[in-house]
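**Q**
Protein chains in written order, with my numbering: chain C, 1 to 326; chain B, 327 to 703.
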């Protein structure tokens, strides 16, 4: 055991990371795509003052319905058209669940954490129920996967990059963005100047959840080409952490998603492109379960380190009542 | 006599109306789903399928002595899990981590149980159960402390811990404590650590223990200083701090106690039913418990009844799936619908035209409030 082992390992790790970066970058971007879309959903919801912990359930349901549409249609209308139909169905599913969430949170003024819990539990049940009834007994596959454009990344992954930039601009530079932030920070003031708080919140929740639906479509139609029960595996919650990490801004949330994607990618890349020397032995000795658990543990550490300094929208989670005392 | 009973009945109905009607409405909507989806089963489109499905569900839970035992055995971990979440709600905390705490408790009790398989029964059982509870408590303490110290919201941290726990335990059972002589990674037989069967084929010691803990938690909340502090922090953390209580201590302690109950749920399920830990054992108790706590309004006695209801669902569902081909997952759908109607009581009021007491899940509003407002400690 020589004294220079640790510094040498760190140096080797840095060299290794730089050499694999061209291979690593597309994997990170691919893993970050559903997280980024989910985080954008969170940003749109919470900037308008609605907490949504149901992103996980929306993603899962949309992943299923999108897959189901492709599965049901690809023989009649051809795989390419069926995939497009699947993506549209997934986005529409997200929007519809967004409508339910908005109705519960804005109109019924139900507790927003419980509303999200309903989405999560219901999604697990509904998707597993119809999976067992329709897809499993047929023994057939779906419509395949959306072909990639460049670097193994497909259209949804690239659309996410555009969406991040566009929403960053819209949220801080457009009338819609100003109104969104107004109803999220001080709904009464927004109401006083004639902004329809309820409509603004409905719009944002539905649009945001449609993005979570797109994330679901990415999982089944662009990334894996199959559906498994509970396949979102906590991504909706990591997306929330990415949103908090990015302090409720689209670009920051994307950065958070990239960070979590990078930690997930590490477990993939050490098997695909093993490092040489002592570092390679060390990385190969770490059990794959540890790599798999890493993004979840990193999420906790980052949340604990960042949240104290991150300030959410002031009216986040508080239903608006027109005649209520402030 | 009837004149005297009447106001009491009205009171009782005032409390029970919304839960009971929510359950009825959820079963009705689920029946529609079963009818629509019956076209995909081997039976074909069949409008009366829900009647057969619910009939078998009922028979599987109450139809015989064995069925009743199964119902109670399924209800025991749900009671403990429901108490775990309900206790958290009282302090304004949403412990979605019961699934992970359940796994930790199951794993710890399985490891200790297989080590002490040859020890005298009281020693083996007590040591395994206690270790299971402590493992859950340790896992609950982490998000509790982080919430109180840094403001990291427990809804996200506990879910992350659920996933990480399942993976790390899968590693542990594969690489650390794998018992020799089996074709797949699992822990050894628990031998004398198995909970003694009290009645019939499988009614084990865990059932009376769960009932006892319902009343213990009720006593803790209603009759002790700690219980008062928990409820005070849940009602208003800042006021509690001004009154000289330490939200940091209370939040960490509540999450530890909640985690302990979750761990005990895992230990009871492990030592009473499953018998060995292998990766992929169902942690559905964790999510069922959320529905149990919400339906029971996080009141221990309410949780007792809610757990028996969902225990009945879980006990009866296999018979339903075998005889009518309606997938077990309909139970999850029914649970989500029940919570939906409890949360949106407006629908229930409109449909049934009842004037019932509104449902207040004590502390639940604080859970949402703390999302955007960091409690100073």
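Just so it is clear, CB atoms sit at the ideal spot from N, CA and C, and this is done for glycine as well.
A quick note: this is a predicted structure, and the numbers were derived from the prediction, not measured.
1) CB-CB under 6 Å to residue 553 of chain B, same chain, minus the five flanking residues each way: which ones, in chain order?
2) Would you verify that the beta carbon of residue 132 of chain C is, or is not, closer than 8 Å to some beta carbon of chain B?
3) With 8 Å as the limit, tell me which residues of the segment 592-622 of chain B have their beta carbon closer than that to any beta carbon of chain C; keep them in chain order.
4) So if I threshold CB-CB distances at 7 Å, which residues from the segment 105-120 of chain C count as touching chain B?
5) Is it right to say residue 322 of chain C is buried, meaning 16 or more other beta carbons lie within 10 angstroms of its own, or is it exposed?
6) Which value, in whole angstroms, describes the spacing of the CA atoms of residue 153 of chain C and residue 256 of chain C?
7) Might you give, ordered along the chain, the residues of its own chain that have their beta carbon closer than 6 Å to the beta carbon of residue 702 of chain B, omitting 5 neighbours on each side?
8) For residue 654 of chain B and residue 56 of chain C, what's the separation of their Cα atoms in angstroms?
9) Given a threshold of 16 other Cβ atoms within 10 Å of its Cβ, counted over all protein chains shown, does residue 190 of chain C qualify as buried or as exposed?
10) Nearest by alpha-carbon distance to residue 231 of chain C: which of C:37, C:219, C:237 is it?
11) Does the distance from the C-beta atom of residue 428 of chain B to that of residue 133 of chain C stay below 8 Å?
12) Along chain B, in chain order, which residues have C-beta atoms closer than 7 Å to that of residue 206 of chain C?
13) Ignoring anything shorter than 4 residues or poking outside the segment 646-679 of chain B, list the alpha helix (DSSP H) runs there in chain order.
14) List, in order along the chain, the chain B residues whose C-beta lies closer than 9 Å to that of residue 290 of chain C?
15) According to DSSP, is residue 186 of chain C part of a helix, a strand, or is it coil?
16) Could you check whether the Cβ of residue 344 of chain B sits closer than 8 Å to any Cβ belonging to chain C?
17) Anyone know if the C-beta pair for residue 378 of chain B and residue 499 of chain B falls short of 8 Å?
18) Pairing CB atoms from the segment 268-278 of chain C with CB atoms from the segment 16-36 of chain C, are three or more of them under 8 Å?
19) Which partner residues does residue 530 of chain B have in the DSSP bridge list?
20) Examine chain C for any beta-carbon lying closer than 8 Å to the beta-carbon of residue 480 of chain B, and answer yes or no.
21) Buried or exposed: where does residue 278 of chain C fall if 16 or more other Cβ atoms within 10 Å of its Cβ makes it buried?
22) Determine, using beta carbons only, whether residue 41 of chain C and residue 208 of chain C come nearer to each other than 8 Å.
23) For residue 51 of chain C, name the three-state secondary structure that DSSP assigns.
24) Name the chain C residues that come within less than 8 Å of residue 295 of chain B, Cβ to Cβ?
25) Is any beta-carbon of chain B found at less than 8 Å from that of residue 128 of chain C?
26) If you count every other CB in all the chains shown that lies within 10 Å of the CB of residue 46 of chain C, and 16 or more means buried, which is it?
27) Which residues does DSSP pair with residue 153 of chain C in a beta bridge?
28) State the CB to CB distance for the pair residue 451 of chain B and residue 519 of chain B, rounded to an integer number of angstroms; the pair is presumed to be in contact (CB under 8 Å).
29) Would you say residue 297 of chain C faces chain B, with C-beta separation under 8 Å as the test?
30) Start and end of the alpha helix (DSSP H) containing residue 200 of chain C?
31) How big is the Cα-Cα spacing for residue 670 of chain B and residue 38 of chain C?
32) Can a CB atom of chain C be found closer than 8 Å to the CB of residue 704 of chain B?
33) So, does the CB of residue 702 of chain B fall closer than 8 Å to a CB anywhere in chain C?
34) According to DSSP, is residue 603 of chain B part of a helix, a strand, or is it coil?
**A** Quick look at the numbers:
1) Cβ contact annotation for residue 553 of chain B (same chain, cutoff 6 Å, sequence separation greater than five): 546, 547, in chain order.
2) Closer than 8 Å to some Cβ of chain B, the Cβ of residue 132 of chain C qualifies, so yes.
3) Going along the segment 592-622 of chain B in chain order, one finds 613, 616, 617, 620 with a Cβ nearer than 8 Å to chain C.
4) Residues 108, 110, 111, 112, 113, 114, 115, 117, 118.
5) When all chains shown are included, residue 322 of chain C counts as exposed.
6) Per the coordinates, the alpha-carbon of residue 153 of chain C lies some 19 Å from the alpha-carbon of residue 256 of chain C.
7) At residue 702 of chain B, the pLDDT of 46 sits below 50, so the modelled position is not reliable; the number obtained from the coordinates is stated separately. Excluding residues within five positions, none has a Cβ falling inside 6 Å.
8) The straight-line gap from Cα to Cα measures roughly 22 Å.
9) Looking at its Cβ environment, which holds 16 or more other Cβ atoms inside 10 Å, residue 190 of chain C is buried.
10) Considering only C:37, C:219, C:237, the residue with the shortest C-alpha distance to residue 231 of chain C is C:219.
11) It is not a contact, given that the beta carbons lie outside the stated cut-off.
12) Against residue 206 of chain C, chain B offers no close residue; the least beta-carbon distance is about 18 Å (beta-carbon pairs closer than 7 Å).
13) Entirely contained in the segment 646-679 of chain B, the alpha helix (DSSP H) runs reaching 4 residues are, in chain order, 656-669, 671-678.
14) 493, 494, 497, listed in chain order.
15) Note: residue 186 of chain C maps to coil in three-state DSSP.
16) Chain C places no beta carbon closer than 8 Å to that of residue 344 of chain B, leaving this residue out of the contacts.
17) Not closer than 8 Å, so no.
18) The segment 268-278 of chain C vs the segment 16-36 of chain C: in contact.
19) Answer is B:523, bridged to residue 530 of chain B.
20) No, residue 480 of chain B lies away from the interface with chain C (no Cβ there is under 8 Å from its Cβ).
21) Of the other Cβ atoms in all chains shown, fewer than 16 fall within 10 Å of the Cβ of residue 278 of chain C; this residue is therefore exposed.
22) A Cβ-Cβ contact shorter than 8 Å links residue 41 of chain C with residue 208 of chain C.
23) Note: residue 51 of chain C maps to coil in three-state DSSP.
24) The displayed coordinates of chain B run from 327 to 703. Any statement about residue 295 of chain B would go beyond what the structure contains.
25) Taking 8 Å as the CB threshold, residue 128 of chain C lines the interface with chain B.
26) Classification of residue 46 of chain C: buried, given that the 10 Å Cβ count is 16 or more.
27) Per DSSP, C:150.
28) The distance from the Cβ of residue 451 of chain B to that of residue 519 of chain B is about 6 Å, consistent with a contact at the 8 Å cut-off.
29) Cβ-Cβ to chain B under 8 Å: yes for residue 297 of chain C.
30) For residue 200 of chain C, the enclosing alpha helix (DSSP H) starts and ends at 197-217.
31) Take the alpha-carbon of residue 670 of chain B and the one of residue 38 of chain C: they are about 25 Å apart.
32) Look at the range of chain B in this structure, 327 to 703, and you will see that residue 704 of chain B is not part of it.
33) Any reading at residue 702 of chain B needs caution, since the residue's pLDDT is 46, under 50, leaving its predicted position unreliable; the model's value is listed next. Closer than 8 Å: no.
34) Assigned with DSSP and collapsed to three states, residue 603 of chain B falls in coil, not helix or strand.
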